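Peer 1: In the working numbering, the protein residues as written are 8 to 1084.
Quick one: structure below, then a few questions.
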Amino acid sequence: MPTNFTVVPVEDTPISNPDYDGEIMKEEDKEESHTAAGHYSGDETPRETSSLISTDHDDSIYGKNMALYEDEMESTPMVSSLLNKLANYTNLIQGVVEHEEAESEDGIQRVTVNGPQMGTFIGVFLPCMQNILGVILFLRLTWIVGTAGIVEALAIVFMCCSCTMLTAISMSAIATNGVVPAGGSYYMISRALGPEFGGAVGFCFYLGTTFAGSMYILGTMEIFLTYIVPNAAVFKAETGEPTAMQNNMRIYGTCCLAIMTLVVFVGVKYVNKLALVFLSCVMLSIMAIYAGVIQSAIRPPNSQVCLLGNRTLQNSRFDKCLKTEVINNVTTTTELWRLFCKGSLGNETCDEYFKLNNLTEIRAVPGLLSGVISDNMWGHYDQYKTIVEKKGQSSDRALDNTNDISYYVLNDITTFFTLLVGIYFPSVTGIMAGSNRSGDLRDPQRSIPIGTIMAIATTSIIYISCVVLFGACIEGVVLRDKYGESVKGTLVVATLAWPSSWVIVIGSFFSCCGAGLQSLTGAPRILQAIARDGIIPLLQVFGHSKSNGEPTWALLLTAAICEIGILIGSLDHVAPILSMFFLMCYLFVNLACAVQTLLRTPNWRPRFKFYHWSLSFLGMSLSLSLMFVSSWYYALTVILISGCIYKYIEYRGAEKEWGDGIRGLSLNAAQYALIKLEEAPPHTKNWRPQLLVLLKLDSDLGVKHPRLLSFSSQLKAGKGLTIVCSVLEGTYMAREADAKLSEKNIKAAMAKDKTKGFCHVVVSSNQRDGFSHLIQSAGLGGMKHNSVLMAWPGNWKQAESSLSWKNFIETVRETTAAHQALLVAKNIDTFPTNQDRLAEGTIDVWWIVHDGGLLMLLPFLLRQHKVWRRCKMRIFTVAQMDDNSIQMKKDLQMFLYHLRLDAKVEVVEMQAGDISAFTYEKTLVMEQRSQMLKQMQLSKTEREREAQLIHDRNTKSHAILNDKATPTSDRVHMTWTKEKLISERNRLREANMTVRDIFNMKPDQTNVRRMHTAVKLNEVVVRKSQGAQLVLLNMPGPPKNTGGDENYMEFLEVLTEGLDRVLLVRGSGREVITIYS
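Here's what the structure looks like:
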């Protein structure tokens, strides 16, 4: 149906008038002076505000047109202002775009920032490419191909790239489900899985990024000391030991770390400016590799490898691959001959293997069309310090193996498939570079998925093609020569380069430098994001930064941890460590996406649609598998570190609520469990007391009987459901603040007594209705209470009003009607606390009637708690005159045996005797007291009615009083019903009873019999159980006729007289204990 609108012009307010502005400011100052002190009173609870919500409103805009909503302007702003702030929302990662904080004269900090300008290519694709391609490609990929073979190397590349691709798909879904602020992947994981997982995995991601810096620095130093300036080594290698090389790496690596830390400290803008230069070096080096492959197919390089038999020689110590040579018709020895032989030609003493085998010279790079790919198809794994040999080459084995092997190319570590996986995996990390820069992107929800996935696809193609091309172009023994010792100390991949090997050497050097700087720039910001969230208190000091936002303290810690990696001194040993940390991070990124997808939370609306929970689950499984494939002990260590951080955050109490998926998963699991529980009532074997604890509060809204909470925790031992409730009289609007304060006090008391459960305070017109509503509606679904625990109203006789015992009896009736058990603790203030330890004593059960076996179960549950553990259990039952007490005892012992309960059994015989005069007199006094209370109550009611009539007469005019007779009290009720007529007659009859009639009355025979039972049973209980730590008694039911309620209270008082701690138990009627398994 169309709607017609009419546009009405509105007069402009004189905002531009300076005088008018001054008047407004004066009025505002006056208002502020009146409201500053009392704006937030104790009765108010300030509502949560968002960073997008501004509370500064212009009265000229909102003053008249929206006066209906002016009281809520501070917490609920107008939609127009909110939409404007949402549309202009920007969020910048700390340190990537330089910003400066300035403090103005009025003390308000203002931040000047540059708006995000980066697109997909510059902001995501190139940073990911720079972080993925790096040290492993240039320094270790050829060695991995030669050792594992082309087939297994492709399997390694495929597994690792599949893991990162699946993780990128999950990350894209999370990153496009809203704005990702500073912290990148840490922010995504923590907000998706909660502070515990977020803190644990975020710290692992930080450590992974830090150790990545160590790996890049070690790679830089390896290139520098091995291929650029070998003479700069401080320690010279002797006898082929790797210790000298590691010491050199430690010294130069520490110096390099200090320089890089200083550069990052001075300003991250220099790192950002150099990033494009470093990336250009990487791309130029890769282009040189592909150009070299094409060149090798046309004209292979002239680099030669010298073999002695089938053993590969280090040709850096000789020029010619010859034993002897003829110079001027004279046969002379070569440098190579002098390495293996001593003495002059003819009188030499040579190495036996050297004498038996000939020298062979082969091309290091036979070329793409040479067919060497067939030799490199399968792996060649070797032990530590074994010689690199060419398979298929003929050689004669020497009998003497004690000769020096330092002239050969040796394996510096024992190689196997899983080791290569751990070393290679860091080459595919760096996929988070785009999400870490989300604040600098023009459209991060579009750029992050496209840029990251395209970067992974591109680098995967590069890695796969390099594996095949390396195996097809380079000789196998050269591929397995990790440091290029067989090609005169040249970087192996550089032998394939065109136009010069120095292109790759210099390019890889600057590539590793740039990656190291990026790691030292990114890692402190991850730590700063974790510290500023406040979930790990120990790290809060690292949340501070310089005036320009640089995390100084976090940078120092990062440098210290990075130094630990450098002191390891070996790239091959550091790589598996950071592989574990990154794999743990990727595992939880996939888990976060899978959980959010399966939960189908309303807020889960990613713009990236090409995801599925099965892909995330596959990525999670693959990440976990790669962790244990690479190194099972490193994997267990990282899992242990994450678990410790998780438990630490949980122990300190993670107060952050981020709407995470784990909380959603808990809600879904709880919902499923509640629905399953409601399908059928619990079996007797699964029955346990689910308590509804009814508390009374004192005048200060504190817990009146805190030991009732202690007793509930002792009864439950932390298991099952406990709902602690209380009722305030009044209306909720008037007592909202009191209700919240009461809940706070009850929760504090529960925490003090370590009572695990839920707390709820309701406001009702009266306590009876409030407790009735709680008994009916507390709990949810299958998690509802089945037992009610309350304290005995100790002062019911002295109370001015009868409401206390009337409410108590109504509670007894309502629990019976609701088929719930009732536990009434008498003398609750004498019950032990959770800190007490009762000495040896007894818990006595007086089993008078059977109403479900709850009396048997309660002592067993109490004895599970350390307070009652030393107490023994005794069960008493009562035998009448015609009962066989001996057989009863045997039957009861057999019953307890089947119930697996350890208790002493005793049958008490109650002799049938005449009703004593004491019982008769006690009953008479009880009834006289009851009648006098009714008379007093009626007199009070009459006085109130008379006062009301006098007030009514005085308010009427004098003329009306003369014309009309004054109505009597009997005519007050304007509407008569049958019930009102009967009650009025009873009232008049009781009112006419004089004091003489009260003292001449005779007791009711039913009450006499009940009093007789109470007195006789009390005598027996006191005689047998006066020294017991706790006495459990069957609680008799209230009378069906409400007229005898006060007598019922007297019966219970007599029944428990003379006992210290009593628990009156009234079962629900259903069996709660069984003899069957």
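No residue lacks a Cβ here, since even glycine has one placed at the ideal position from N, Cα and C.
Computed from a predicted structure; not experimentally measured.
Across which residues does DSSP place CYS732 in a beta bridge pair?
Peer 2: LEU701 and HIS767
Peer 1: Rank LYS397, LEU476, LEU681 and SER518 by C-alpha distance to the C-alpha of ARG487 and give the top, closest one.
Peer 2: LYS397
Peer 1: Sort ASN597, MET797 and GLN603 by Cα distance to LEU625 and report the nearest one.
Peer 2: ASN597
Peer 1: Do three or more CB pairs link the region 715–730 to the region 861–876 at distances below 8 Å?
Peer 2: yes
Peer 1: Assuming ASP389 is part of the beta strand (DSSP E), what are its boundary residues?
Peer 2: Segment: none, ASP389 is in no beta strand (DSSP E) and carries neither H nor E.
Peer 1: Can you grab the Cα-Cα spacing for the pair ASP1067 / LEU1039, in whole Å?
Peer 2: 12 Å
Peer 1: Just the C-alpha distance for PHE516 and CYS348, rounded to the nearest angstrom, thanks.
Peer 2: 39 Å
Peer 1: I want to know whether the region 703–711 touches the region 750–765 - three or more CB-CB distances under 8 Å.
Peer 2: yes
Peer 1: Thinking just about the alpha-carbon of each residue, which of ILE455, LEU545 and GLN1033 is nearest to the one in ALA561?
Peer 2: LEU545
Peer 1: Exposed or buried, what is GLN774 when buried is set at 16 or more other beta-carbons lying within 10 Å of its beta-carbon?
Peer 2: buried
Peer 1: Using 8 Å as the Cβ pair cut-off and three pairs as the minimum, do the region 297–305 and the region 601–610 touch?
Peer 2: no
Peer 1: From the DSSP output, in three-state form, read off GLU1078 for me.
Peer 2: It is coil, neither helix nor strand.
Peer 1: Any chance you could list the beta strand (DSSP E) runs of at least 3 consecutive residues sitting entirely within the region 187–230, in chain order?
Peer 2: none
Peer 1: Any idea what DSSP makes of MET172, helix, strand or coil?
Peer 2: helix
Peer 1: Does THR356 come out as helix, strand or coil in the three-state DSSP assignment?
Peer 2: strand
Peer 1: For LEU633, does the three-state DSSP call read helix, strand or coil?
Peer 2: helix
Peer 1: With ASP851 as the anchor, note down where its beta strand (DSSP E) starts and where it stops.
Peer 2: Where ASP851 is concerned, the enclosing beta strand (DSSP E) stretches over 849–854.
Peer 1: Could you compute how far the alpha carbon of MET757 sits from the alpha carbon of ASN184?
Peer 2: 39 Å
Peer 1: Out of curiosity, what's the CA-to-CA distance linking GLY572 and MET222?
Peer 2: 7 Å
Peer 1: Quick check on DSSP: helix, strand or coil for TYR414?
Peer 2: Coil.
Peer 1: Find out if the Cβ-Cβ distance for the pair CYS211, ALA462 is shorter than 7 Å.
Peer 2: At least 7 Å separates the beta-carbon of CYS211 from that of ALA462.
Peer 1: Using CA atoms only, rank isn't needed, just tell me which of CYS651, LYS726 and LEU716 is closest to LYS759.
Peer 2: LEU716
Peer 1: Do the region 412–428 and the region 479–496 make contact, defined as three or more Cβ pairs closer than 8 Å?
Peer 2: Verdict: yes, contact present.
Peer 1: Report back the beta-carbon spacing between GLN697 and GLY727 to the nearest angstrom; my notes put them in contact at under 8 Å.
Peer 2: GLN697 to GLY727, Cβ: 5 Å. Contact.
Peer 1: Going by DSSP, what residue range makes up the alpha helix (DSSP H) through LEU562?
Peer 2: 559–575
Peer 1: According to DSSP, simplified to helix, strand and coil, what is GLY650?
Peer 2: Correct three-state label for GLY650: helix.
Peer 1: Is the region 838–855 in contact with the region 1026–1043, if contact means three or more CB pairs nearer than 8 Å?
Peer 2: yes
Peer 1: Just grab the DSSP bridge partners of ARG881 for me.
Peer 2: Listed as beta-bridge partners of ARG881 by DSSP are ASP851 and LYS911.
Peer 1: Pair every Cβ in the region 400–407 with every Cβ in the region 379–391, then say whether three or more of these pairs are closer than 8 Å.
Peer 2: no
Peer 1: Name the residue from ALA676, PHE589, SER632 and ARG870 whose alpha carbon lies nearest to the alpha carbon of ILE139.
Peer 2: PHE589
Peer 1: CA-CA distance, ALA536 and GLY429?
Peer 2: Answer to the nearest angstrom: the Cα atoms are 28 Å apart.
Peer 1: Go to SER794, then tell me how far its beta strand (DSSP E) extends in each direction, as first and last residue.
Peer 2: 794–798
Peer 1: In whole angstroms, what is the alpha-carbon distance linking GLY215 and THR436?
Peer 2: 10 Å
Peer 1: Helix, strand or coil for ILE835, going by three-state DSSP, please let me know.
Peer 2: helix
Peer 1: Name the two residues that bound the continuous alpha helix (DSSP H) containing GLU342.
Peer 2: Element bounds for GLU342: 342–347.
Peer 1: From this set, LEU605, GLY521 and LYS362, which residue's C-alpha is nearest VAL271's C-alpha?
Peer 2: GLY521
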